[in-house]
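Written out below as structure tokens is the structure these notes cover.
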Amino acid sequence: MRYAFAFLLGAILAVALSAFAGCITFWRVASDENALFSIPVLSSENIDISDLNKRISTQAENDILAVLSLIGGPIYERGAVSVRSNKKDFEKEYSVVLINDNIPDDDSVSGYRYDIVLKRDKSDNWVLVEMTQSWRCWEDRGHTQFGVEPCM
């Protein structure tokens with residue numbers, strides 16, 4: 000779990016930089032992106048977004064790239080990051096799935112998955128609605144599908 004929050008912030012910046020390139024965008028090429036996105040999510044846990052939303056609201060941003068940049072940090076450099084975005088109703092809602100796979104220096108967790116949903120509020124500013132995380136383990140270290148059970 001030690002990389003979860005650091006990755007999340009860096010990965011959001013990656014989304015900001017690649018979000019408008021198309022409906023499906025990949026930041027760094029993982030071994031097989033389609034296979035990664037087809038791995039079932041057995042369970043996930045919510046990430047507290049209150050501090051991130053406070054940071055967004057103080058800037059009163061209505062540009063999604065600016066919002067993602069506000070909550071992002073340096074681009075995460077470990078493993079391979081794959082990004083898939085879905086513009087449900089781009090003017091009002093935006094969802095992003097981030098997967099960081101093949102983490103090189105974790106002998107238990109092989110990858111993290113983040114599901115992020117943003118919506119516009121009454122003032123036409125973007126707000127984080129939901130952010131969840133799950134992870135999968137290396138072979139012989141636990142579950143290989145995304146979930147929240149500890150890896151061994």
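The sequence shown maps to residues 0 to 151 in numbering that gives the first Met the number 0. Glycine included, every Cβ here is placed at the ideal spot set by N, Cα and C.
| Check | Outcome |
| --- | --- |
| Buried/exposed call for Q132, threshold 16 Cβ in 10 Å | buried |
| Unbroken alpha helix (DSSP H) run spanning L51, endpoints | 49 to 58 |
| Rounded separation between E148 and D139 - CA only | 14 Å |
| Residue burial classification, N99 (beta-carbon count within 10 angstroms, cutoff 16) | buried |
| Pairwise C-alpha distance: R135 and E76 | In this prediction, E76 scores a pLDDT of 46, lower than 50, which makes its location untrustworthy; the coordinate-derived value is nonetheless stated afterwards. Answer to the nearest angstrom: the Cα atoms are 19 Å apart. |
| Distance between S107 and L51 (C-alpha atoms, nearest Å) | 28 Å |
| Spatially closest choice to F145 from S56, D114, E92, by CA coordinates | D114 |
| Straight-line gap, D104 to S122 (C-alpha atoms, nearest Å) | 43 Å |
| Backbone CA spacing between M130 and A34 [nearest angstrom] | 22 Å |
| With 16 other Cβ atoms within 10 Å as the buried cut-off, status of S84 | buried |
| Enclosing alpha helix (DSSP H) for S37 [first to last residue] | 32 to 37 |
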